[in-house]
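Please read the structure below before turning to the comments.
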Amino acid sequence: MAKGAVYVAIVAAIGNMLQGWDNATIAGAVLYIKKEFHLETQPTIEGLIVAMSLIGATVITTFSGSVSDAIGRRPMLVISSVFYFVSGLVMCWSPNVYVLLVARLLDGFGIGLAVTLVPLYISETAPSDIRGLLNTLPQFTGSIGMCLAYTMVFFMSLKSDASWRMMLGVLSIPSIAYFLLAVFFLPESPRWLVSKGKMDEAKIVLQALRGKEDVSGEMALLVEGLEVGGETSVEEYVINADNELSEDHVEEKDQIKLYGAEEGQSWVAKPVRGQSSLFVASRQGSMASNMMNPMVTLFGSVHEKQNDIGSMRSMIFPNFGSILHEQNQQQNKPDNWDVESNQDKENLSGDESDDNNLKSPLLSRNSTGVDKDMIAPISKSSMLQSETTNAMGIGGGWQLAYRKTDDGKKAGGLKRIYLHQEGGAAIESRRGSIASLPGAGDGDAVRASALVSRSVLCLDDATGQNPIQGGVIKPPPSSKQGTSWADLAEPGIKQALIVGVGIQILQQFSGINGVLYYTPQILEQAGVGLLLANMGIGSESASFLISGVTTLLMLPSIGVAMKLIDIAGRRALLLGTLPILILSLIVLVLSNTIHMGSVTHAVVSTISVVVYFCTFVMGYGPIPNTLCSEIFPTRVRGLCIAICALTFWVGDIIVTYTLPVLLTTIGLAGAFGIYAVVCTISWFFVYFRVPETKGMPLEVITEFFAMGAANKKAN
Numbered sequence: 006m007a008k009g010a011v012y013v014a015i016v017a018a019i020g021n022m023l024q025g026w027d028n029a030t031i032a033g034a035v036l037y038i039k040k041e042f043h044l045e046t047q048p049t050i051e052g053l054i055v056a057m058s059l060i061g062a063t064v065i066t067t068f069s070g071s072v073s074d075a076i077g078r079r080p081m082l083v084i085s086s087v088f089y090f091v092s093g094l095v096m097c098w099s100p101n102v103y104v105l106l107v108a109r110l111l112d113g114f115g116i117g118l119a120v121t122l123v124p125l126y127i128s129e130t131a132p133s134d135i136r137g138l139l140n141t142l143p144q145f146t147g148s149i150g151m152c153l154a155y156t157m158v159f160f161m162s163l164k165s166d167a168s169w170r171m172m173l174g175v176l177s178i179p180s181i182a183y184f185l186l187a188v189f190f191l192p193e194s195p196r197w198l199v200s201k202g203k204m205d206e207a208k209i210v211l212q213a214l215r216g217k218e219d220v221s222g223e224m225a226l227l228v229e230g231l232e233v234g235g236e237t238s239v240e241e242y243v244i245n246a247d248n249e250l251s252e253d254h255v256e257e258k259d260q261i262k263l264y265g266a267e268e269g270q271s272w273v274a275k276p277v278r279g280q281s282s283l284f285v286a287s288r289q290g291s292m293a294s295n296m297m298n299p300m301v302t303l304f305g306s307v308h309e310k311q312n313d314i315g316s317m318r319s320m321i322f323p324n325f326g327s328i329l330h331e332q333n334q335q336q337n338k339p340d341n342w343d344v345e346s347n348q349d350k351e352n353l354s355g356d357e358s359d360d361n362n363l364k365s366p367l368l369s370r371n372s373t374g375v376d377k378d379m380i381a382p383i384s385k386s387s388m389l390q391s392e393t394t395n396a397m398g399i400g401g402g403w404q405l406a407y408r409k410t411d412d413g414k415k416a417g418g419l420k421r422i423y424l425h426q427e428g429g430a431a432i433e434s435r436r437g438s439i440a441s442l443p444g445a446g447d448g449d450a451v452r453a454s455a456l457v458s459r460s461v462l463c464l465d466d467a468t469g470q471n472p473i474q475g476g477v478i479k480p481p482p483s484s485k486q487g488t489s490w491a492d493l494a495e496p497g498i499k500q501a502l503i504v505g506v507g508i509q510i511l512q513q514f515s516g517i518n519g520v521l522y523y524t525p526q527i528l529e530q531a532g533v534g535l536l537l538a539n540m541g542i543g544s545e546s547a548s549f550l551i552s553g554v555t556t557l558l559m560l561p562s563i564g565v566a567m568k569l570i571d572i573a574g575r576r577a578l579l580l581g582t583l584p585i586l587i588l589s590l591i592v593l594v595l596s597n598t599i600h601m602g603s604v605t606h607a608v609v610s611t612i613s614v615v616v617y618f619c620t621f622v623m624g625y626g627p628i629p630n631t632l633c634s635e636i637f638p639t640r641v642r643g644l645c646i647a648i649c650a651l652t653f654w655v656g657d658i659i660v661t662y663t664l665p666v667l668l669t670t671i672g673l674a675g676a677f678g679i680y681a682v683v684c685t686i687s688w689f690f691v692y693f694r695v696p697e698t699k700g701m702p703l704e705v706i707t708e709f710f711a712m713g714a715a716n717k718k719a720n
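Numbered according to the numbering used here, the sequence shown spans residues 6 to 720.
Right, dumping it as structure tokens:
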């Protein structure tokens with residue numbers, strides 16, 4: 006596992022812990038604020054005190070995307086910690102309601118930056134195979150913050166002179182730790198660095214995040230991710246050792262040479278007659294009913310293949326299977342490359358050189374006599390370290406390779422190819438004569454689907470038979486043009502925005518943030534004080550205690566989500582947890598409409614709220630932000646994340662501000678009945694519109710969106 010990426014994700018997620026801390030402390034403090042400022046008859050002011058942080062988050066979010074694209078992700082996280090610190094001090098001092106409202110606004114600025122940018126930052130620094138797990142950390146740390154804050158508020162409430170200023174002001178203490186860690190520990194996002202042409206810095210950051218010297222494949226991937234949405238074709242190859250491939254059902258022309266890192270290793274890839282299963286899936290998805298997003302079918306076809314090949318070990322194409330443990334004993338000094346190098350190297354399979362962090366070629370020389378050249382940036386270290394097989398290639402079983410075209414000296418002169426192995430069952434059912442390779446050395450073939458599109462690499466001063474070897478390789482000039490609102494009109498980005506904005510709206514109107522802010526009052530209305538009356542604890546303190554226990558119970562539920570999100574997947578978790586969420590809401594509604602004893606009513610209501618919380622954090626809590634951080638191209642990711650976050654905060658404001666009104670008009674049963682209907686709609690939205698993105702590199706995800714949208718438009 007890439008320990009560096011895990012550590013920075015934990016540090017970044019502290020921002021969400023402070024958000025959770027604020028959610029819990031304001032939920033407790035507002036009860037005492039009402040008494041001091043006599044707001045019992047002014048529910049509007051009460052709602053404004055709570056919602057002011059949401060207003061601040063909404064305001065700051067409108068700028069956060071474009072600003073983070075301009076100055077970077079890390080500075081914005083540092084600024085977030087400063088807002089947390091200043092707002093805590095002002096809340097602790099607040100002499101009147103107006104100063105308190107200003108402090109809550111500043112607090113919202115910190116929350117808005119953290120909630121918007123932490124998932125983005127984690128997605129851009131995490132390996133694709135554990136990206137979901139790390140993006141669940143903000144939900145986990147947020148729940149820890151709530152649990153700690155409720156515990157603090159509970160003990161403060163036992164005193165006769167409980168101070169709401171102290172409850173809110175304590176926020177400044179952990180914010181200092183967050184500031185120091187962000188300044189001295191967090192690196193800048195490598196994807197942002199590449200987008201700004203800072204290749205040296207990006208490579209150094211990646212080496213630290215991945216814990217290895219050779220980050221060649223991922224560096225190439227980050228450069229390619231600067232542009233997606235061009236004309237993409239879906240092809241299929243059969244790959245084997247030289248001259249060992251069966252001649253059946255393959256084209257003899259246009260052979261492709263594929264190079265590995267072991268000395269003497271090379272393979273031939275040949276196009277297969279007929280259509281790739283990915284092509285069929287994309288077309289079938291486009292011809293399906295309008296309700297079903299074609300991306301759902303297209304993404305699903307990839308994950309079906311991953312299930313098919315999960316136990317295979319392929320030595321013909323190591324990045325598609327497991328690597329035998331004994332290969333570790335053969336490891337030599339790795340060959341590395343760098344996108345800014347001008348150093349001429351020999352074939353990747355035979356040369357060794359001192360990496361010195363920066364001075365190795367991007368792509369290796371190929372002097373074979375095949376019609377086209379495919380050069381894969383595969384390194385010894387990435388192929389041979391069995392303990393990190395999940396991070397090989399570019400992640401998720403995908404491999405990035407290149408094919409030289411007629412003019413290799415300019416952008417468009419190279420074809421980038423994202424390769425993914427197909428399962429043995431699929432091969433046999435469609436072809437009948439080729440099986441996937443079960444082990445090393447038996448001469449069988451591997452079938453791979455490929456997304457083929459124009460490479461964005463620019464080559465200057467290239468000479469020789471292989472121009473990709475000698476030239477200085479740079480990001481495309483378009484990467485320096487900045488983000489434009491016109492980019493949002495691209496079909497793939499529009500489709501991704503529909504998914505991102507839609508799931509954020511539905512998540513908020515499932516009522517979670519309103520329930521979090523007003524949990525003590527909801528439980529008090531449900532009669533939870535009766536459960537602890539015999540212990541001599543007042544109803545307010547009892548509600549704080551139950552709220553703290555509830556958030557504590559949420560932690561193992563989030564642990565389940567962290568375990569399953571990269572295994573079962575985002576879509577499967579949502580489809581599996583939403584019915585339980587709906588059921589818990591229905592039980593809560595019934596417990597408040599059917600006459601029952603006060604104790605029974607309190608027990609059923611409390612259990613329903615606990616189940617609601619625990620189920621929510623297993624799926625609908627972390628996954629929307631995770632998805633939104635995955636589905637947009639690098640060049641517009643900050644802007645699109647800001648749009649999704651703005652939707653999040655507007656929905657949050659509406660739900661939080663209206664919940665007190667709902668509780669006093671239609672009651673708890675009516676409010677939760679509305680939330681149950683929204684959750685039902687959410688299930689159908691996820692089923693028909695949300696694709697599965699687990700384990701896939703961000704750049705492949707965005708390529709799929711662009712291709713799926715183009716196919717839908719064409720049909």
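By construction, the Cβ of each residue, glycine as well, lies at the ideal position given by its N, Cα and C atoms.
Quick check: GLY77 and TRP169, are their CB atoms within less than 7 Å of each other? Taking the first residue of the sequence shown as position 1, residue 77 is located at position 72. Taking the first residue of the sequence shown as position 1, residue 169 is located at position 164. Cβ distance not < 7 Å, so GLY77 and TRP169 don't count as in contact.
When GLY574, PHE145, GLN500 and ILE599 are compared against ILE135, the one with the closest alpha-carbon: Position 130 of the sequence shown holds residue 135. When only C-alpha atoms are compared, the closest one is GLY574.
So, helix, strand or coil for ILE244, using DSSP? In the sequence shown, counting from the first residue as 1, residue 244 sits at position 239. In this structure, ILE244 counts as strand in the three-state DSSP scheme.
Length of the line joining the Cα atoms of ILE659 and THR63: Stepping through the sequence shown from its first residue, residue 659 is reached at position 654. Stepping through the sequence shown from its first residue, residue 63 is reached at position 58. Going by the C-alpha atoms only, they are around 12 Å apart.
Which parts of the segment 196 to 247 are runs of the beta strand (DSSP E), unbroken and 3 residues or longer, counting only runs that do not cross its ends? 237 to 246
Here's the rule: buried if 16 or more other CB atoms are within 10 angstroms of the residue's CB, otherwise exposed. What is ASP27? Within the sequence shown, residue 27 is the residue found at index 22, counting from 1. With 16 or more other Cβ atoms within 10 Å, it is buried.
On the DSSP bridge assignment, give the partners of ARG452 in chain order. Walking along the sequence shown from the start, residue 452 turns up at place 447. ARG452 pairs with VAL243.
Over the uninterrupted alpha helix (DSSP H) stretch that includes TYR625, give me the two end residues. To locate residue 625, count along the sequence shown from 1; it is residue 620. Taken as a continuous stretch (DSSP letters only), TYR625 belongs to no alpha helix (DSSP H), as it is neither H nor E.
My output table needs one value for SER99: the three-state DSSP class, helix, strand or coil. Taking the sequence shown and counting its residues from 1, one reaches residue 99 at position 94. Correct three-state label for SER99: coil.
Candidates SER180, SER589, ILE636 and GLY516: which alpha carbon is nearest LEU667's? Here residue 667 refers to the residue found at position 662 of the sequence shown. Measuring from the Cα of LEU667, the nearest candidate turns out to be GLY516.
How do the segment 74 to 89 and the segment 178 to 189 stand: do at least 3 beta-carbon pairs fall below 8 Å, yes or no? yes
Rounded to whole angstroms, what's the CA-CA distance from VAL199 to ILE508? Just pull it up for me. In the sequence shown, the residue the question calls residue 199 occupies position 194. In the sequence shown, the residue the question calls residue 508 occupies position 503. The C-alpha of VAL199 lies about 30 Å from the C-alpha of ILE508.
Can you give the Cα-Cα distance for LEU632 and VAL55, rounded to whole angstroms? As a position in the sequence shown, residue 632 is number 627, starting the count at 1. As a position in the sequence shown, residue 55 is number 50, starting the count at 1. Taking the straight line from one Cα to the other gives about 28 Å.
DSSP-derived helix/strand/coil call for PRO276: On the sequence shown, residue 276 is found 271 positions in, with the first residue counted as 1. Strand, per DSSP.
Answer with buried or exposed for ASN630, where buried requires no fewer than 16 other C-beta atoms within 10 angstroms of its C-beta. For this step, residue 630 is matched to residue 625 along the sequence shown. Buried, since its Cβ has 16 or more Cβ neighbours within 10 Å.
Please determine, among VAL123, PHE514, TYR692 and ALA450, the residue with the shortest C-alpha to C-alpha distance to GLU241. Here residue 241 refers to the residue found at position 236 of the sequence shown. Nearest of VAL123, PHE514, TYR692 and ALA450 to GLU241, Cα basis: ALA450.
In or out: MET300 buried (at least 16 other Cβ within 10 Å) or exposed? On the sequence shown, residue 300 is found 295 positions in, with the first residue counted as 1. Buried, by the Cβ-count rule.
Quick check on DSSP: helix, strand or coil for ILE599? Here residue 599 refers to the residue found at position 594 when the sequence shown is read from its first residue. Coil.
Report yes or no: do three or more beta-carbon pairs, one from the segment 19 to 34 and one from the segment 172 to 180, lie closer than 8 Å? yes
When you compare the CB positions of SER730 and VAL604, do they come within less than 7 Å of one another, or not? Past the edges of the chain, shown from 6 to 720, lies residue 730, and the structure says nothing about it.
Compare the Cα-Cα distances from ARG215 to each of GLY113, SER306, MET22 and ILE399 and report the closest residue. On the sequence shown, residue 215 is found 210 positions in, with the first residue counted as 1. Ranking the options by Cα distance to ARG215, first place goes to ILE399.
Quickly, what does DSSP pair GLY400 with across the bridge? List them, please. Within the sequence shown, residue 400 is the residue found at index 395, counting from 1. TRP403.
Span of the alpha helix (DSSP H), counted from its first residue to its last, around ILE679: Position 674 of the sequence shown holds residue 679. Residues 672 to 694.
Tell me which same chain residues have a C-beta within less than 8 Å of the C-beta of GLY672, skipping the five on either side of it? Taking the sequence shown and counting its residues from 1, the one referred to as residue 672 is at position 667. For GLY672, where only same-chain residues beyond five positions count, the Cβ hits under 8 Å are ASN597.
Short of 6 Å in beta carbon distance, which residues of its chain neighbour ILE38, apart from the five on each side in sequence? Order them along the chain. Position 33 of the sequence shown, counted from the first residue, corresponds to residue 38. Cβ within range, chain order: TRP169.
Measuring only the C-alpha atoms, how far is PHE618 from GLY20? Counting from one through the sequence shown, the residue named residue 618 turns up at place 613. Counting from one through the sequence shown, the residue named residue 20 turns up at place 15. Looking at the two C-alpha atoms, the distance is approximately 21 Å.
What's the gap between the Cα of ILE244 and the Cα of GLU427? Indexing the sequence shown from 1 puts residue 244 at position 239. Indexing the sequence shown from 1 puts residue 427 at position 422. Whole-angstrom Cα-Cα distance: 11 Å.
Among the residues of its own chain, which have a CB less than 6 Å from the CB of ALA14, if the five just before and after it don't count? The count along the sequence shown starts at 1 and reaches residue 14 at position 9. Around ALA14: ILE127, LEU139 and LEU142.
What does a CB cutoff of less than 7 Å around LEU644 pick up in its chain, not counting 5 residues either side in sequence? By 1-based counting over the sequence shown, the position of residue 644 is 639. These residues qualify, in order along the chain: GLY70, SER71, ASP74 and THR488.
Nearest-angstrom Cβ-Cβ length linking VAL492 and ARG640, presumed shorter than 8 Å: Numbered from its first residue, the sequence shown carries residue 492 at position 487. Numbered from its first residue, the sequence shown carries residue 640 at position 635. Position check: residue 492 holds Asp in this sequence, whereas Val was assumed. So it is a contact: roughly 7 Å between Cβ atoms.
By the three-class DSSP mapping on this structure, what secondary structure does GLN426 have? Within the sequence shown, residue 426 is the residue found at index 421, counting from 1. When secondary structure is reduced to three states using DSSP, GLN426 falls in the strand class.
Over what stretch of residues does the alpha helix (DSSP H) that includes ARG136 continue unbroken? By one-based count along the sequence shown, residue 136 stands at place 131. Note, ARG136: alpha helix (DSSP H), 136 to 140.
I'd like the span of the alpha helix (DSSP H) that includes GLY574, first residue to last. The residue you call residue 574 lines up with position 569 of the sequence shown. Element bounds for GLY574: n/a, residue is neither H nor E.
Residue from ARG79, VAL102 and LEU110 whose Cα sits closest to the Cα of PHE90: Here residue 90 refers to the residue found at position 85 when the sequence shown is read from its first residue. Checking every option, the nearest Cα to that of PHE90 belongs to LEU110.
For SER162, which three-state DSSP category applies? Stepping through the sequence shown from its first residue, residue 162 is reached at position 157. Helix at SER162.
What are the boundary residues of the alpha helix (DSSP H) that includes SER180? By 1-based counting over the sequence shown, the position of residue 180 is 175. It spans 177 to 189 - the alpha helix (DSSP H) in which SER180 sits, taken as one unbroken run.
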